[in-house]
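A.B. asks: Chains as they are written, first to last, in this note's numbering: chain V, 108 to 420; chain G, 28 to 324.
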Amino acid sequence: MYRYVIKRLLLMIPVVLGVSFIIFTIMYFIPGDPASNILGVGASPEAVAQLNEELGYNDPFIVRYVNYISDAVLHLDLGTSYQNKLPVTGEIAKRLPVSATLAFGSIMLSLLIGVPIGVLSAVKQYSLWDKIPTGLALLVAAMPAFIIGMLLMLVFSLQLGILPVSGVTQGLKSYILPVISLGLPYGARQLRFTRSSMLETIRQDYVRTAKAKGASQKKTIWGHAMKNALMPVITVAGTSFGALLGGAIATESLFGLPGLGTYISDGIKLKDVPAVLGGIIVFALLFSLVMLAVDLSYAFVDPRIKARYAGRR
Amino acid sequence: MGETATVLREEHIEFKKPNQLKEIWRRLKKDKLAMFGLIVILLIIVMAVCANFAADYEAVIKLNTKIRLQPPSTEHLFGTDSYGRDIFARCLYGARMSLAIGFFSAVLATVCGSLIGAMTGYIGGRLDSIIMRFLDIVSAIPSTLLALAVVAAMGSGVMKLCLALSFTAIPGFVRIVRSAVLGIADQEYIEACRAGGTSTWRILTRHILPNAIGPVIVQGTMEVSTMIRTIATLSFLGLGINPPTPEWGALISEAKEFLRTCPSMMLFPAGMLCLTAFSISVFGDGLRDALDPRLKS
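1. Taking the straight line between their C-alpha atoms, what separation do you get for SER324(G) and GLY274(V)?
2. Do the segment 331-338 of chain V and the segment 153-160 of chain G touch if we need at least three Cβ pairs shorter than 8 Å?
3. What does PHE253(V) reach in chain G if we use C-beta pairs closer than 7 Å?
4. Name the chain G residues that come within less than 8 Å of ILE130(V), Cβ to Cβ?
5. Just the chain V side, please: which residues come within less than 7 Å of SER291(G) by C-beta, in chain order?
6. Give every residue of the same chain whose Cβ lies closer than 8 Å to the Cβ of ALA167(G), excluding the five residues on either side of it in the sequence, and list them in chain order.
7. Quick one: grab the DSSP three-state call for PRO273(G).
8. What did DSSP end up calling ASP113(G) once you bin it into helix, strand or coil?
9. Would VAL251(G) count as contacting chain V if we go by Cβ distances under 8 Å?
10. Among the residues of its own chain, which have a CB less than 6 Å from the CB of GLY256(V), if the five just before and after it don't count?
11. Listing by chain order, which chain G residues have their CB less than 9 Å from the CB of GLY125(V)?
12. Does the separation of the CB atoms of ARG117(G) and LEU278(G) fall below 8 Å?
13. Cβ of ALA355(V) within 8 Å of Cβ of GLY366(V)?
14. Specify the secondary structure class of THR187(V) as computed by DSSP and reduced to three states.
15. What residues of chain V sit near CYS301(G), judged by a beta carbon separation below 7 Å?
16. Are the beta-carbon atoms belonging to VAL204(G) and SER141(G) less than 8 Å from one another?
17. Inspect the CB distances between the segment 210-223 of chain G and the segment 91-109 of chain G and report whether three or more fall short of 8 Å.
18. Can you tell me which of the three DSSP states THR225(G) falls into?
19. Please report the residue range of the alpha helix (DSSP H) in which ASP316(G) lies.
20. In the structure shown, what three-state DSSP assignment does LEU90(G) receive?
21. If you follow the alpha helix (DSSP H) that THR316(V) is in, where does it begin and where does it stop?
22. When the distance is taken between beta carbons, is ALA61(G) closer than 8 Å to VAL309(G)?
23. Using a C-beta cutoff of 8 Å, does ILE279(G) count as contacting chain V?
24. Can you give the Cα-Cα distance for ARG287(G) and PHE263(G), rounded to whole angstroms?
25. Consult DSSP for PRO194(V) and reduce its assignment to one of helix, strand or coil.
26. Can you round the beta-carbon distance between LEU384(V) and MET134(V) to whole angstroms, since I take them to be within the 8 Å contact cut?
27. What residues in its chain sit with their C-beta under 6 Å from that of LEU346(V), if we drop five residues either side in the sequence?
28. Anything in the segment 304-319 of chain G with a Cβ closer than 7 Å to a Cβ of chain V? List those residues in chain order, please.
29. The alpha helix (DSSP H) with SER372(V) in it runs from where to where?
30. Name the chain V residues whose beta carbon is nearer than 7 Å to that of ARG256(G)?
31. Could you name the residues that DSSP lists as bridge partners for THR107(G)?
32. Less than 8 Å between the CB atoms is what I'm expecting for ARG302(V) and THR241(V), so what's the real figure, rounded?
33. Please confirm if LEU245(V) has its CB atom under 8 Å from at least one CB of chain G.
34. Taking a Cβ distance cut-off of 7 Å, strictly less, list which residues of the segment 391-410 of chain V are near chain G, in chain order.
35. For chain V, check one thing: does any of its Cβ atoms lie closer than 8 Å to the Cβ of ARG287(G)?
36. What is the rounded straight-line gap between the Cα of VAL408(V) and the Cα of ALA210(V)?
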């Protein structure tokens, strides 16, 4: 098991390096130079040229990339933002808890909605208990999170005035609307996966055997079928959590949450290359870690997988 | 001898060739939700194409501050926006932009992804592992962020936007087609083609790709819905279609400031966007079941 974890951790290195290289290459083609961005429009050409030289902008592409990566690895230094002249590492550390809270809350909500209703609609297939939730799930899954967010904002913040419109000044209360607007579409997705996984599981022989032996419906579903139907549920929750860490840009921007997503998207808008690079590299690292956690959690659910991991050399 | 031949010819029984398309259509027709989706999509396409007849493009971009932020009325079906422009007309022309970008990027991603997937799966070896590792890395970047970065590097413009969007969707198609090809490439009839001297291109396009066409069409359909939502998200963030060009996401973004005073400015384009995305999704679901009834749960 430990060997497997170490092997997977080592495999993350090429992925993160690859991501950084792709983003570095894309950012290379963004028009404009860093010194003009930092010094602004009024700067003299000499000052711009000098700062560019100091920042290593005139070095060849590959030298710049190697310098960047060695700074990042050796000193955990992801560069300095062009926009506010603050270190990118510190800014990311400040913003990560916001994104993590949002992602964690949304995934919890999506599981709370998706799993029980998904199981219910699978058990009562073709009844109204199945048709209404799956129909609603289809509709909600088709709605972008920022539209759900705007609708919620319209009702709860602007009309009823019970929840804050934007910012994180009111503690956890500020997260309620963003979490619901992200949790609903992900919950709809979770519902569909849970339903189809459960439908497949309850048709298995061992479930029929359990029923034939007189086990109650509740025991058959939650005691026998659930654990086996859980794998796709974990996968969806894991990938969604990973994606949400940096992918909730529109929701973060709508509710004025200072998270990782808005940091990267603002960086892209303002051509703040260090911010974008740093943000995406940290995101890729987190995403890989979450995916590793997902794979490891399979071992806890399914002893067969645990045995396979243990057997890997 | 001649007499027997005549008799045989007369007794020749004609077999009706099973028509694959008709069969699929028959199965699709039974799915009410999918048919609803199809009808709505067709209606929205007709509305987008005939937008000229419903409203002049002038009405879409001409500012008239005297009638700004009006609620829906008989004169302005969906009301007017902060510059006094007719929201109904802007939604109609917005449909043009959203649908065109959605369809075009999805088709581009489908074609490129399928060809790359077929090639990597069929040729295999080092090319396959290099491309697959590259795609693994690309998949570790959220698609919206990747699209944002590509747009920022290439600059704005509808064509560049389509390229950026399709770039993010290509890995999905490569995986689908590659796995289908891997299952087919070893079969005898492909070996027979190769032995007969058929070119790789012909084997790929005539013998291998048609076998993977079902999942590709379904994924392509779903992708249109995803693309329409992604472009709306990009426009909402101010990096997609720039004002005053109407596009659903851009219209919703403009409405953000006026959510309290004029909610209709947001509700109508958002409604059209969600209805379209929903219809395409249910149609895609139905199409998957119709193309391969074994998949139906």
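Glycine included, each C-beta is placed from N, C-alpha and C at the ideal position. In this text, all values refer to a predicted model and were calculated from it rather than measured experimentally.
C.D. replies: Looking at the coordinates:
1. To locate residue 324(G), count along the second sequence from 1; it is residue 297. To locate residue 274(V), count along the first sequence from 1; it is residue 167. Residue confidence for SER324(G) is low, a pLDDT of 46 falling below 50, so the modelled location carries little weight and cannot support an answer.
2. no
3. Here residue 253(V) corresponds to residue number 146 of the first sequence, with the count starting at 1. Near PHE253(V) (Cβ distances below 7 Å), the residues of chain G are THR260 and PHE263.
4. The residue given as residue 130(V) occupies position 23 in the first sequence. What ILE130(V) touches in chain G: ILE168 and ALA176.
5. Counting from one through the second sequence, the residue named residue 291(G) turns up at place 264. Residues of chain V passing the Cβ test: none, with the nearest at roughly 11 Å.
6. Taking the second sequence and counting its residues from 1, one reaches residue 167(G) at position 140. Excluding residues within five positions, none has a Cβ falling inside 8 Å.
7. The residue you call residue 273(G) lines up with position 246 of the second sequence. Three-state result, PRO273(G): coil.
8. One-based indexing of the second sequence puts residue 113(G) at position 86. The answer is strand: DSSP assigns ASP113(G) an E or B state.
9. Taking the second sequence and counting its residues from 1, the one referred to as residue 251(G) is at position 224. Chain V contact via Cβ: absent.
10. Within the first sequence, numbered from 1, the residue matching residue 256(V) stands at position 149. Excluding sequence neighbours, GLY256(V) sits near SER288, THR358 and LEU361.
11. Position 18 of the first sequence, counted from the first residue, corresponds to residue 125(V). ARG160, PHE161, ASP163, ILE164, VAL165 and ALA167, listed in chain order.
12. Indexing the second sequence from 1 puts residue 117(G) at position 90. Indexing the second sequence from 1 puts residue 278(G) at position 251. Result yes, Cβ atoms of ARG117(G) and LEU278(G) sit closer than 8 Å.
13. Position 248 of the first sequence, counting from 1, holds the residue named residue 355(V). Position 259 of the first sequence, counting from 1, holds the residue named residue 366(V). Yes. Within cutoff.
14. The sequence position of residue 187(V) within the first sequence is 80, counting from 1. The answer is strand: DSSP assigns THR187(V) an E or B state.
15. Counted from its first residue, the second sequence places residue 301(G) at position 274. Correct list: ALA249, MET250 and ILE254.
16. Numbered from its first residue, the second sequence carries residue 204(G) at position 177. Numbered from its first residue, the second sequence carries residue 141(G) at position 114. Yes, Cβ-Cβ distance for VAL204(G) and SER141(G) is below 8 Å.
17. no
18. Translated into positions along the second sequence, residue 225(G) becomes position 198. Here THR225(G) sits in coil by DSSP.
19. Counting from one through the second sequence, the residue named residue 316(G) turns up at place 289. 291-318 is the span of the alpha helix (DSSP H), which, as asked, contains ASP316(G).
20. In the second sequence, counting from the first residue as 1, residue 90(G) sits at position 63. If DSSP states are grouped into helix, strand and coil, LEU90(G) belongs with coil.
21. Residue 316(V) sits at position 209 when you count from the first residue of the first sequence. Taken as a continuous stretch (DSSP letters only), the alpha helix (DSSP H) holding THR316(V) covers 312-319.
22. On the second sequence, position 282 is the one that residue 309(G) refers to. On the second sequence, position 34 is the one that residue 61(G) refers to. Taking 8 Å as the Cβ cut-off, VAL309(G) and ALA61(G) qualify as a contacting pair.
23. Counted from its first residue, the second sequence places residue 279(G) at position 252. With 8 Å as the cut-off, ILE279(G) counts as an interface residue toward chain V.
24. Here residue 287(G) corresponds to residue number 260 of the second sequence, with the count starting at 1. Here residue 263(G) corresponds to residue number 236 of the second sequence, with the count starting at 1. Near 18 Å, if we compare the C-alpha coordinates of PHE263(G) and ARG287(G).
25. Along the first sequence, read from residue 1 onward, the residue named residue 194(V) stands at position 87. Residue state, collapsed to three classes: strand.
26. Position 277 of the first sequence, counting from 1, holds the residue named residue 384(V). Position 27 of the first sequence, counting from 1, holds the residue named residue 134(V). About 6 Å; that satisfies the 8 Å criterion.
27. Residue 346(V) sits at position 239 when you count from the first residue of the first sequence. Sequence inspection shows Thr at residue 346(V); the Leu mentioned does not correspond to that position. Correct list: empty, nothing qualifies.
28. ALA304, PHE305, SER308 and VAL309
29. Numbered from its first residue, the first sequence carries residue 372(V) at position 265. Counting along the chain, the alpha helix (DSSP H) containing SER372(V) begins and ends at 367-376.
30. Residue mapping note: residue 256(G) aligns to position 229 of the second sequence, counting from 1. PRO251, listed in chain order.
31. Your numbering for residue 107(G) matches position 80 in the second sequence. BP columns for THR107(G) point to ASP113(G).
32. Taking the first residue of the first sequence as position 1, residue 302(V) is located at position 195. Taking the first residue of the first sequence as position 1, residue 241(V) is located at position 134. Correct: roughly 7 Å between the Cβ atoms.
33. Sequence index remark: in the first sequence, residue 245(V) carries index 138 (1-based). Yes, LEU245(V) counts as interfacial toward chain G.
34. ALA391, PHE394 and SER395
35. Residue mapping note: residue 287(G) aligns to position 260 of the second sequence, counting from 1. Chain V contact via Cβ: present.
36. Walking along the first sequence from the start, residue 408(V) turns up at place 301. Walking along the first sequence from the start, residue 210(V) turns up at place 103. Going from the Cα of VAL408(V) to the Cα of ALA210(V) covers about 23 Å.
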